[in-house]
Structure formats: structure tokens, C-alpha cells
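Top to bottom, those sequences are chains U and A.
Oh and the first sequence: position 257 is 256 in numbering that gives the first Met the number 0, straight run, nothing missing.
Oh and the second sequence: position 179 is 178 in numbering that gives the first Met the number 0, straight run, nothing missing.
Glycine included, every Cβ here is placed at the ideal spot set by N, Cα and C.
What follows is a short report on a single structure.
There are 2 protein chains.
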Amino acid sequence: MTSTGTATEGHEAAALLERTRDAVGPHLRAAVETLPGAIRRVALYHFGWQDADGTPTAGPSGKAIRPALVLAAARALGGDAESAMRAAVAVELVHNFTLLHDDVIDEDTTRRHRPTAWALFGVPDAVIAGDALLALAQRLLAEDPHPAAMEAAARLSACVIELCAGQQADCALEEREPRDVTLDECLAMATAKTGALLGCACALGALYAGADGGTVRSMDGFGRESGLAFQFIDDLIGIWGDTGRTGKPVGADLAAHKKSLPVVAALTSGTPAAGELAALYGGPMNTPGEVGRAAEVIERAGGRDWAQECAADRMARAVHHLSRAVPDPATAEELLALAEFVTRRTH
Amino acid sequence: MTSTGTATEGHEAAALLERTRDAVGPHLRAAVETLPGAIRRVALYHFGWQDADGTPTAGPSGKAIRPALVLAAARALGGDAESAMRAAVAVELVHNFTLLHDDVIDEDTTRRHRPTAWALFGVPDAVIAGDALLALAQRLLAEDPHPAAMEAAARLSACVIELCAGQQADCALEEREPRDVTLDECLAMATAKTGALLGCACALGALYAGADGGTVRSMDGFGRESGLAFQFIDDLIGIWGDTGRTGKPVGADLAAHKKSLPVVAALTSGTPAAGELAALYGGPMNTPGEVGRAAEVIERAGGRDWAQECAADRMARAVHHLSRAVPDPATAEELLALAEFVTRRTH
Chain U
0 MTSTGTATEG HEAAALLERT RDAVGPHLRA AVETLPGAIR RVALYHFGWQ
50 DADGTPTAGP SGKAIRPALV LAAARALGGD AESAMRAAVA VELVHNFTLL
100 HDDVIDEDTT RRHRPTAWAL FGVPDAVIAG DALLALAQRL LAEDPHPAAM
150 EAAARLSACV IELCAGQQAD CALEEREPRD VTLDECLAMA TAKTGALLGC
200 ACALGALYAG ADGGTVRSMD GFGRESGLAF QFIDDLIGIW GDTGRTGKPV
250 GADLAAHKKS LPVVAALTSG TPAAGELAAL YGGPMNTPGE VGRAAEVIER
300 AGGRDWAQEC AADRMARAVH HLSRAVPDPA TAEELLALAE FVTRRTH
Chain A
0 MTSTGTATEG HEAAALLERT RDAVGPHLRA AVETLPGAIR RVALYHFGWQ
50 DADGTPTAGP SGKAIRPALV LAAARALGGD AESAMRAAVA VELVHNFTLL
100 HDDVIDEDTT RRHRPTAWAL FGVPDAVIAG DALLALAQRL LAEDPHPAAM
150 EAAARLSACV IELCAGQQAD CALEEREPRD VTLDECLAMA TAKTGALLGC
200 ACALGALYAG ADGGTVRSMD GFGRESGLAF QFIDDLIGIW GDTGRTGKPV
250 GADLAAHKKS LPVVAALTSG TPAAGELAAL YGGPMNTPGE VGRAAEVIER
300 AGGRDWAQEC AADRMARAVH HLSRAVPDPA TAEELLALAE FVTRRTH
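Here is the structure:
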């Protein structure tokens with residue numbers, strides 16, 4: 000992976016994210032506080048500002064990557080980050096709309112070490128709270144007097160449709176036989192589900208800085224490719240683990256029979272190991288032995304090396320996009336630090 | 000109920016709705032066709048353009064009341080209805096977003112004599128298709144060069160949040176004991192769930208006609224009060240029926256223990272019949288005898304007369320709002336005809 004001397008350790012990005020949380024948090028909360036009572040309660044719980052009974056808690060445990068990208072992109076292109084605040088909040092609201100609905104759809108019961116909103120308040124309240132966050136995001140942009148707001152709203156709406164397509168594809172792929180899933184389908188799904196919103200965040204920052212169309216597209220490409228790099232890394236962690244840093248146990252995705260990118264790469268590798276893996280995916284993988292064997296087979300089929308190369312390749316593409324949008328490396332530093340922070344977890 | 004010589008029979012409104020469907024339909028369909036494949040399939044089914052297997056069908060069976068209100072409001076205020084087309088389509092998309100999600104939330108399996116989308120495609124696909132229709136509505140407005148588009152987008156987003164609050168309140172009221180529900184709560188719920196979008200449709204038409212703030216508010220009031228009048232009529236039909244016209248069987252809402260407005264009015268009437276009704280609502284009402292007895296008790300408690308008076312009162316308020324926005328009765332005729340069409344079903 001490409002790395003810069005200043006950003007590799009992630010200290011700069013961590014500090015930037017903390018500053019972003021401090022700056023965006025009050026605006027985000029003020030927006031959520033405008034929601035009608037019963038919906039507000041679910042939203043305040045989901046974001047981590049309240050317990051289920053309304054007791055105040057420590058506050059959002061999300062990393063605020065997306066708002067940080069909006070503000071950093073605006074700054075990198077000579078814009079005033081403060082004036083892009085509504086766009087930063089809108090992107091974070093959209094991200095949380097997807098989390099609320101995805102948890103319902105995937106029947107996930109835990110997020111950030113707490114029960115998911117639907118598990119606590121029921122499916123109706125979680126679906127409705129998600130809907131309201133999406134509408135609130137759009138409302139913020141539609142009421143924003145900034146000259147870029149309307150184009151940003153159009154771009155964000157198009158991105159939401161892409162996120163929907165990604166989530167739909169994810170569900171559809173999970174239903175299918177592992178050996179019938181192609182790598183192209185998995186990549187398209189990851190692009191829509193993970194890349195689109197990171198790309199949109201960067202594009203919105205560029206729009207709010209008054210950038211031209213080509214620069215906006217390059218910024219979108221930077222965020223999108225960074226998101227894909229992240230997805231490869233996340234899929235590697237889901238198999239070979241990185242428990243010290245993420246808390247995600249080794250083999251978690253394998254035990255869940257997840258069709259992650261390294262798995263599908265291995266299954267479609269045409270190697271003898273592909274058949275072995277298909278057989279393993281046809282049965283339960285509950286014991287450490289079974290999971291370990293699957294991980295070993297995926298590695299033998301080339302899935303691990305391939306995913307690591309893809310992560311590096313996507314990161315290189317991201318940097319290339321960024322260098323077109325922001326030729327001066329010093330000015331691009333914040334964005335590069337964020338991209339490396341997102342993807343550095345196994346490095 | 001207030002009536003005008005020209006509109007009472009509903010012929011004018013029926014013709015206007017047919018013209019609206021002809022005019023809006025192609026734009027609505029073109030918008031839906033831009034959705035990604037798997038989501039488009041669910042949306043085309045939901046609107047009635049396709050069967051589950053993709054076979055073309057007769058097309059939308061919805062009445063297109065909301066787009067008709069947008070276009071009629073624009074025309075009544077001297078605007079060009081054609082230029083308000085995107086707003087009309089956006090409002091219809093938002094309406095259908097609520098139908099898709101409400102059917103999931105309420106676990107309703109039938110809509111317009113066909114299986115609901117979630118019953119056919121599953122909860123994930125129906126939730127995602129609803130999300131996508133909402134995002135598509137916002138995208139249409141955000142990409143609309145009309146000078147009113149941004150204010151319309153803000154108003155529509157605020158309306159969606161109100162719709163969410165109405166649906167949330169509806170769920171919450173259904174969970175509670177019938178005698179603990181107040182009439183104010185029911186009215187607030189009906190205002191948010193039914194009145195808000197009809198009001199928003201009229202307000203968007205006014206915005207696209209370049210109307211001032213006061214006129215836009217009056218138009219919102221007209222649509223909103225018409226919506227409430229409709230809700231009272233619909234609740235009356237849900238108890239005493241109007242099978243010839245609507246196909247809704249007598250007592251359907253009672254068998255479902257629905258806390259409709261006449262029921263809550265009766266329960267909170269302070270009459271001896273209120274206690275009788277509470278007792279009936281505490282048990283099953285499956286036989287025609289039980290349902291008939293409940294209907295008789297609600298009538299004795301004053302619930303039927305009250306609801307009829309409220310419907311007439313709301314319609315009078317609607318007409319009052321309309322006369323402020325559009326003083327010339329001839330110019331207001333289309334809108335009046337639509338409002339009377341919506342509420343005329345038992346008259």
C-alpha cells in the first residue's frame with residue numbers, strides 16, 4: 000500500500016476525526032433534536048446519545064469518517080469547511096439511515112456493543128426512524144442557502160439510490176449458492192454499498208468548495224476507491240482477524256458463510272482448492288478447526304494475496320484520483336490521512 | 000357537507016383524475032424506470048405496471064389524487080401545470096414510499112386486490128424499494144431547474160418527517176388500551192398521516208405557481224383539512240360500510256379492533272354506551288352480531304353523528320382556506336371538485 004511519512008501512523012487522522020466529531024456533533028444533534036418525539040427517542044438511542052430509557056450516554060461512538068471527508072475535501076479545494084457543515088451532517092444522517100434499515104433487513108441484533116434499534120424498539124420504529132433520518136438529511140440540504148446545496152442534494156439522492164441497490168444486491172447474493180456468485184457481482188455490490196457514500200462525501204465537499212465538474216468527479220473517485228480498499232481490508236480481517244485492533248474474532252465471516260471478496264475470489268479461482276472451499280461452504284463451520292481449514296484453503300486458492308493486492312491497487316487508484324483533484328501533496332494531506340486511516344487496519 | 004352544483008356528482012373530478020393519470024403516468028413511469036434493476040422490478044409491481052414475473056399489466060390502479068392536487072393548485076393560481084410535473088411525480092412517489100413501508104409495518108398482505116410487495120418479494124426488498132422511491136422523489140426535485148424546486152424539496156422533506164410521525168403514532172396507538180387513547184391523539188395522528196401529504200401536494204402546486212407565503216399556507220390548509228374530512232368519512236365507512244362503492248365490508252374496522260375516530264369519540268364520550276363499547280373492544284368481534292352490536296353502541300354514544308359533523312366541519316374549513324387562496328369560485332372549481340370527490344363516498 001502507498002504510504003506517506005506523515006500519515007502512516009494515523010495520529011493525524013485520529014486527531015482530525017476527533018476535531019470533526021467535536022465540530023459536527025452539535026450540529027448533528029441539533030438536527031436530530033428537531034425530529035418528532037417518539038422518532039427522536041429512537042434516533043438519540045441509535046446515535047448513542049441516550050439509553051433506551053432516555054438516560055444520557057457518552058455520545059456517538061461512530062468515527063465520523065464521512066463528515067470528516069466532506070469537510071476535508073472542502074478545505075483541500077480552498078473552500079470554507081464551516082459552510083459545508085450541513086452537507087457533512089446530511090451525509091452522516093444518510094449513513095445512519097442505512098445502518099438502521101440494514102440492521103432490520105439483516106436481522107442484526109448488535110451494533111457498537113449495544114442492541115440494535117429494531118431489537119429494542121421493534122421493526123416499525125426502526126424503519127420509521129431510518130426514513131425520518133433520510134428525510135432530515137434532504138431537508139437540511141434543501142434549506143441550505145449555500146449555492147451548491149441543490150446540486151449536493153441531487154448527488155446525495157442519487158447516492159442513496161445506489162446505496163439501496165448495494166443493499167439489495169447484498170441480500171440477493173446472500174441467498175444464492177456460493178459457487179454461482181461472480182466476482183464482478185461482488186465488486187459491484189461493494190462499490191454501491193461501501194464506495195458510493197464515501198465518494199459522495201468527498202464530492203459534496205468539492206461542490207461546497209465551488210469545484211468544477213471534473214474535480215468533483217475526481218473527488219468522488221478518490222472516496223469511492225478508498226471505500227473499496229477499505230472493503231478488501233475489512234473482508235481480510237473477517238477471515239484472518241485483527242482482534243487486537245478491531246475486536247472482530249478470527250473467522251467471523253467464515254462461520255457466517257459470508258460471501259466476502261476473498262471467498263468468492265477463491266471459489267472462482269479455478270484451482271483445486273476452489274472445490275474444497277465449495278464443499279466447506281456447503282456445511283457448517285462452527286469449530287475453530289473448520290474455520291481454520293477454510294481460511295487455509297482460501298489462502299491456498301489465492302484469495303488472500305488477491306485481496307491484499309486489490310486493496311493496494313484500489314488505494315493507488317484513490318491516490319491517483321486525489322492527485323488530479325488536489326495536485327499539491329501538502330494540501331491533500333488530510334484527505335490522504337483519512338483514506339489511510341480507513342484502510343490501515345491490517346498494515 | 001358543503002356542495003357545489005357543478006361538482007357534487009363527481010363527474011368533473013373523475014374526468015380530471017383520468018386526465019391527470021394520462022399526463023402524469025408517463026413521467027412517473029419514466030422516473031421509476033431509472034431505478035436499478037432489482038429495485039425497479041419491485042416498484043413496477045407495486046405501482047401495478049407489472050406482475051411479479053415481469054408480465055405487463057393494466058397499470059396503476061391508484062387514483063392519482065395527490066398529483067391532481069399539485070397540478071390543479073398550480074393552475075388555480077395562474078401557474079403552468081406542465082412545469083409542476085416533477086413536483087406532481089415527486090408527491091406520488093412519496094405517497095407510494097409510505098404505502099410500501101406501511102404495508103411492511105402493519106403486516107398488511109393485500110393492497111388493491113394484489114399481494115403487497117413485502118408479501119411477494121420479502122421485507123428487505125419492500126423496505127429497500129420504499130427507500131429508493133423516497134430518494135427518487137427528492138432527486139427529481141433537486142434536479143428540477145424550476146425556481147420553486149428547492150423550497151418544494153424542503154417542504155416535501157418536512158412533510159415526510161410528519162408522515163413518519165403519523166405512522167409512528169398510528170403504531171403506538173394500536174398498542175395501547177382503547178380507553179387510554181384520547182381523541183386529540185387520534186386527530187393529531189390523522190392530521191400527520193393523512194392530512195400532511197394532501198396539504199403538501201396543494202402547497203407544492205402553489206409554490207410552482209409562484210404564490211406568496213400566505214397563499215401557500217392557505218393551500219396547505221385546504222389540502223390538509225380535505226384530508227381530515229376524508230379520514231372521518233373513511234372511518235365511518237369502516238364501521239357502517241359503503242360496500243357498493245368501496246368494496247369495504249361493513250364493520251371491517253371493528254372486527255380489526257381499529258381505534259378509528261368514531262370509536263375513540265364513543266369511548267371517550269362519557270356516556271353509558273362508552274362502557275359497553277370498552278367491554279366489546281376487550282373481546283373478539285368476529286360475528287356479524289358482535290360487529291353489529293358494536294356499531295349500534297358507537298352510534299348510541301354519539302360517535303357516528305360526531306364523525307359526520309366533523310367531516311362537514313373539516314370540509315367547510317377546507318373551503319374557507321381555498322377561498323382565501325383562490326377567491327374566484329370558477330378558478331377554484333377543479334380543486335373543490337377534487338376535495339369533494341375525495342370525501343363524497345358516503346354522501
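Partner residues on chain A for E142(U), Cβ-Cβ distance less than 7 Å: Those are A153, listed as they occur along chain A.
Short Cβ contact (7 Å threshold) for V23(U) with P55(U): Result no, Cβ atoms of V23(U) and P55(U) do not sit closer than 7 Å.
Quick one: is T314(A) near chain U, going by C-beta distance under 7 Å? Reading off the sequence, residue 314(A) comes out as Met, not Thr. Not a single C-beta of chain U is nearer than 7 Å to the C-beta of M314(A).
Interface positions of the segment 101-125 of chain U facing chain A (Cβ-Cβ less than 9 Å), listed along the chain: Result list: V103, I104, D105, G121, V122, P123, D124.
In terms of residues, what are the limits of the alpha helix (DSSP H) holding A293(A)? DSSP places A293(A) inside the alpha helix (DSSP H), whose first and last residues are 287-299.
Along the chain, where does the alpha helix (DSSP H) that runs through S225(A) open and close? Where S225(A) is concerned, the enclosing alpha helix (DSSP H) stretches over 212-239.
By Cβ distance below 8 Å, which residues in the same chain neighbour L206(U) in space, the five residues on each side in sequence not counted? Cβ neighbours of L206(U) beyond the five flanking positions: A86, A147, E150, A151, R154, V215.
What residues of chain A sit near A189(U), judged by a beta carbon separation below 7 Å? When 7 Å is used as the limit between beta carbons, A189(U) is near no residue of chain A, the shortest such separation being about 15 Å.
Taking only the alpha-carbon atoms, compute the straight-line gap between A131(U) and A30(U) and give it to the nearest angstrom. Looking at the two C-alpha atoms, the distance is approximately 11 Å.
For P114(A), list the residues DSSP reports as bridge partners. P114(A) is bridged by DSSP to T109(A).
P25(U) - DSSP class collapsed to helix/strand/coil: Reduced to three states, the DSSP call for P25(U) is helix.
Might you give, ordered along the chain, the residues of its own chain that have their beta carbon closer than 7 Å to the beta carbon of A354(U), omitting 5 neighbours on each side? Since the displayed chain U opens at 0 and closes at 346, residue 354(U) lies outside it and no answer follows.
Check distances from the C-beta atoms of the segment 73-92 of chain A to those of chain U and list, in chain order, the residues that come in under 9 Å. Along the segment 73-92 of chain A, none of the residues has a CB nearer than 9 Å to a CB of chain U.
Are there 16 or more other CB atoms within 10 angstroms of the CB of S259(A), so buried, or fewer, so exposed? Its Cβ being crowded by 16 or more others within 10 Å, S259(A) is buried.
Mind checking whether the beta-carbon of A195(A) lies closer than 6 Å to any heavy atom of the ligand ZN? As presented, the structure is devoid of all ligands, the ligand ZN included, so that no description of it is given.
Residue range of the alpha helix (DSSP H) that A157(A) falls in? Its alpha helix (DSSP H) spans residues 148-174.
Give me the subset of the segment 209-224 of chain A whose CB atoms are less than 9 Å from a CB atom of chain U, sorted by chain position. None of the residues of the segment 209-224 of chain A has a beta carbon lying less than 9 Å from any beta carbon of chain U.
Among A51(U), D52(U), I38(U), A75(U), whose alpha-carbon lies nearest the alpha-carbon of A336(U)? If we check each option's Cα against that of A336(U), A75(U) comes out closest.
Can you tell which of H319(U), A80(U), D52(U) has the C-alpha that lies nearest to the C-alpha of L68(U)? For the residues H319(U), A80(U), D52(U), the minimum Cα distance to L68(U) belongs to A80(U).
Are the CB atoms of A12(U) and F340(U) within a distance shorter than 7 Å? Taking 7 Å as the Cβ cut-off, F340(U) and A12(U) qualify as a contacting pair.
By how many angstroms is the C-alpha of R20(A) removed from the C-alpha of G129(U)? A direct Cα-Cα distance of roughly 31 Å separates G129(U) from R20(A).
Compare the Cα-Cα distances from I238(A) to each of E91(A), V296(A), A187(A), L70(A) and report the closest residue. For the set E91(A), V296(A), A187(A), L70(A), the Cα lying nearest the Cα of I238(A) is the one of V296(A).
Considering just the uninterrupted stretch of the alpha helix (DSSP H) at R178(U), what are its terminal residues? Careful: R178(U) lies outside any alpha helix (DSSP H) and carries neither H nor E.
P144(U) - partner residues in DSSP beta bridges: The beta-bridge partner set that DSSP reports for P144(U) is empty.
Spell out whether any CB of chain A is found under 7 Å from the CB atom of A63(U). Under the Cβ distance rule, A63(U) does not count among the residues neighbouring chain A, no pair being separated by less than 7 Å.
L139(A): which of K192(A), W117(A), A89(A) sits nearest, CA to CA? Measuring C-alpha to C-alpha distances from L139(A) to each of K192(A), W117(A), A89(A) identifies A89(A) as the nearest.
Please classify P287(U) as buried or exposed, where buried requires at least 16 neighbouring CB atoms within 10 angstroms. With fewer than 16 other Cβ atoms from the protein chains shown falling within 10 Å of its own Cβ, P287(U) counts as exposed.
Spatial neighbours of Q137(U) within its chain, please: CB distance less than 8 Å, with the 5 preceding and 5 following residues excluded, ordered by chain position. Non-local C-beta neighbours of Q137(U) in its own chain, meaning closer than 8 Å and more than five positions away in sequence, comprise A89, A152, L155, S156, ordered along the chain.
Touch check for the segment 223-230 of chain U and the segment 96-109 of chain U: three-plus C-beta pairs under 8 Å? Segments in contact, no.
By how many angstroms is the C-alpha of A171(U) removed from the C-alpha of A42(A)? Here the C-alpha atom of A42(A) lies approximately 16 Å from the C-alpha atom of A171(U).
Let me know the secondary structure DSSP gives P326(U) once reduced to three states. In the structure shown, P326(U) sits in coil (DSSP, three-state: anything other than H, G, I, E or B).
Roughly how many whole angstroms lie between the Cα atoms of H100(A) and L135(A)? Straight-line Cα distance between these residues: approximately 15 Å.
Would you identify the three-state DSSP class for P55(U), choosing helix, strand or coil? Taken through DSSP and simplified to helix, strand or coil, P55(U) comes out as strand.
Using the Cα positions of G47(U) and A164(A), report the straight-line distance between them to the nearest angstrom. Taken atom to atom, the span from the alpha-carbon of G47(U) to that of A164(A) is near 21 Å.
Terminal residues of the alpha helix (DSSP H) in which H45(U) lies: Unbroken alpha helix (DSSP H) run through H45(U): 36-46.
Are the Cβ atoms of R299(U) and A272(U) separated by less than 7 Å? Using a Cβ distance threshold of 7 Å, R299(U) and A272(U) count as a contacting pair.
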